[in-house]
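Report on one structure; see the data block that follows.
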Amino acid sequence: MELMEVNVDQLESAKRDASTIFEQFLPPENPFDSCWKIGRHFLRYREKLFSSLNGGSSQETPEIISQQFIPRPHKLIKKFLTWKNIVAEASKFRDGTTPLILSAANGHVECVLELLDQGADPCARRHTGTTALFFAAQSGYTEIASILLRHGTPVDIPSVDGGTPLFVACQYAHLDMIQLLIKHGSRVNGQMKDGATPLFIAAQNGHCSVVSLLLTHGARVSTPRLDSATPLWIAAQMNHSDVCKMLLLAGHPVDALRKNGATPLFKAAHKGYIDVVHELLKYKPNLDLLPNGESALHAACLFGHLPVVKMLMRAGAEPKLVNADGFSPIQLAKKANHGQVVHYLNQWQTYVR
1 MELMEVNVDQ LESAKRDAST IFEQFLPPEN PFDSCWKIGR HFLRYREKLF SSLNGGSSQE
61 TPEIISQQFI PRPHKLIKKF LTWKNIVAEA SKFRDGTTPL ILSAANGHVE CVLELLDQGA
121 DPCARRHTGT TALFFAAQSG YTEIASILLR HGTPVDIPSV DGGTPLFVAC QYAHLDMIQL
181 LIKHGSRVNG QMKDGATPLF IAAQNGHCSV VSLLLTHGAR VSTPRLDSAT PLWIAAQMNH
241 SDVCKMLLLA GHPVDALRKN GATPLFKAAH KGYIDVVHEL LKYKPNLDLL PNGESALHAA
301 CLFGHLPVVK MLMRAGAEPK LVNADGFSPI QLAKKANHGQ VVHYLNQWQT YVR
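Okay, so the sequence shown: first residue is 1 according to the UniProt record's numbering, each after it adds one.
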């Protein structure tokens with residue numbers, strides 16, 4: 001193992017540099033903010049100090065050397081808590097952020113342990129309703145989440161929009177975190193204020209592994225939001241064909257309507273998402289007029305998605321179908337100057353005749 005050579009004079013200089021670093025982040029009016037900044041930039045400072053250590057010899061590794069003159073953040077916190085009794089005074093920033101929330105959000109395990117040992121409230125919430133557990137779940141810090149849960153943080157404490165730590169873990173596909181939260185009783189079928197479920201969030205973000213995990217734990221496959229959008233609908237809109245395939249296999253209705261009368265197939269045809277259209281057509285979706293007065297073929301023709309037009313025609317879509325405004329798919333294609341689509345449909349009709 002290669003060792004760093006250290007000159008005694010340079011080491012003393014580095015120690016002075018370290019003291020300067022600490023002093024510039026220790027304004028007496030907010031000592032805890034100092035701890036936070038030191039914890040956040042600890043590695044950066046350490047690298048800076050290492051770069052100044054040259055020459056001489058030492059049997060100590062850079063890690064040991066750095067700890068000789070850079071206190072660990074949680075030890076600084078302990079010092080300041082004793083000095084100012086910050087936790088007892090429930091110190092918060094203006095948005096309600098507490099030192100514990102900051103520490104959890106940035107993965108400082110020892111800081112979290114020290115704060116809890118000093119009496120920090122594990123259930124404290126920002127003005128948005130989010131807790132330390134929420135931010136640990138967001139970043140996938142399972143060790144911190146376990147600590148907070150052991151100290152009494154409710155697993156499903158919601159934010160102002162109704163989202164729980166499970167929702168944000170699903171959003172960022174932290175599988176270990178999701179399993180931990182479910183193990184501690186998090187509701188897989190919980191809903192936000194807009195009606196979205198964890199499965200909806202996973203489908204929206206295209207996380208197949210999360211979708212599979214949630215379904216394994218009993219997530220209902222087609223629970224809609226308040227606007228009637230379902231997991232399949234949002235997956236189709238976001239072009240997540242693999243998620244669509246999983247949801248359809250799990251029994252999601254292929255023609256689930258949104259309030260505007262559009263089906264997943266209509267949305268995929270409108271966007272030109274051929275892989276999604278391919279998956280949906282396996283389940284015999286509605287190719288006729290929808291409650292919105294259009295068909296999937298109308299949508300594909302209007303926006304010139306020729307590959308989708310071809311796929312829909314082979315599946316049995318009717319090119320002479322008239323929409324609510326009295327236009328056929330080919331007429332919409334002509335109005336939008338999609339010559340290739342017009343040519344294809346004319347050829348098709350000639351062939352059929």
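No residue lacks a Cβ here, since even glycine has one placed at the ideal position from N, Cα and C. The structure presented is a predicted model; accordingly, all values stated were derived computationally and were not measured.
Segment limits, alpha helix (DSSP H) that includes residue i
i: His338; result: Where His338 is concerned, there is no enclosing alpha helix (DSSP H), given that its DSSP letter is neither H nor E.
i: Phe327; result: First-last for Phe327: undefined, no H or E at that position.
i: Gly184; result: Position check: residue 184 holds His in this sequence, whereas Gly was assumed. Segment: none, His184 is in no alpha helix (DSSP H) and carries neither H nor E.
i: His278; result: Ile274 to Leu281
i: Arg126; result: Arg126 -> no alpha helix (DSSP H), and no H or E assigned at all.
i: Asp242; result: Ser241 to Leu249
i: Pro231; result: Pro231 to Gln237
i: Lys259; result: Counting along the chain, Lys259 falls outside any alpha helix (DSSP H), and DSSP gives it neither H nor E.
i: Arg314; result: Leu306 to Arg314
i: Glu318; result: Segment: none, Glu318 is in no alpha helix (DSSP H) and carries neither H nor E.
i: Pro99; result: Pro99 to Ala105
i: Ala296; result: Ala296 to Leu302
i: Leu113; result: Val109 to Asp117
Under 8 Å between C-beta atoms of residue i and residue j
i: Val168; j: Gln138; result: yes
i: Val254; j: Leu280; result: yes
i: Leu133; j: Pro158; result: no
i: Arg225; j: Ala262; result: no
i: Leu332; j: Leu302; result: yes
i: Gly107; j: Tyr141; result: yes
i: Ile330; j: Leu306; result: no
i: Arg187; j: Asp227; result: no
i: Asn189; j: Thr223; result: yes
i: Leu312; j: Leu287; result: yes
i: Met246; j: Ser212; result: yes
i: Ala145; j: Leu180; result: yes
i: Thr98; j: Ala120; result: yes
i: Ala296; j: Ala324; result: no
i: Thr131; j: Ile178; result: no
i: His217; j: Leu232; result: no
i: Ala268; j: Ile234; result: no
i: His338; j: Gly293; result: no
i: Ala315; j: His270; result: no
i: Leu175; j: Pro198; result: no
i: Leu113; j: Ile147; result: yes
i: Gly129; j: Val160; result: yes
i: Ile201; j: Cys170; result: yes
Supposed contact pair residue j and residue i - C-beta distance, whole angstroms, cut 8 Å
i: Phe135; j: Ala173; result: In fact, because the Cβ distance is near 16 Å, the residues do not count as touching under 8 Å.
i: Pro291; j: Leu257; result: 7 Å
i: His240; j: Gly206; result: 4 Å
i: Lys334; j: Val342; result: 5 Å
i: Gly96; j: Arg126; result: 4 Å
i: Ala250; j: Val221; result: 5 Å
i: Gln347; j: Pro319; result: Not a contact, Cβ separation roughly 11 Å.
C-beta neighbour in chain C for residue i, strict 8 Å
i: Val254; result: The structure shown contains no chain C, having only a single protein chain.
- [ ] Give, in chain order, every unbroken run of the alpha helix (DSSP H) that is at least 4 residues long and sits entirely within the region 131–214.
- [x] 132–139, 142–150, 165–171, 175–183 and 198–204
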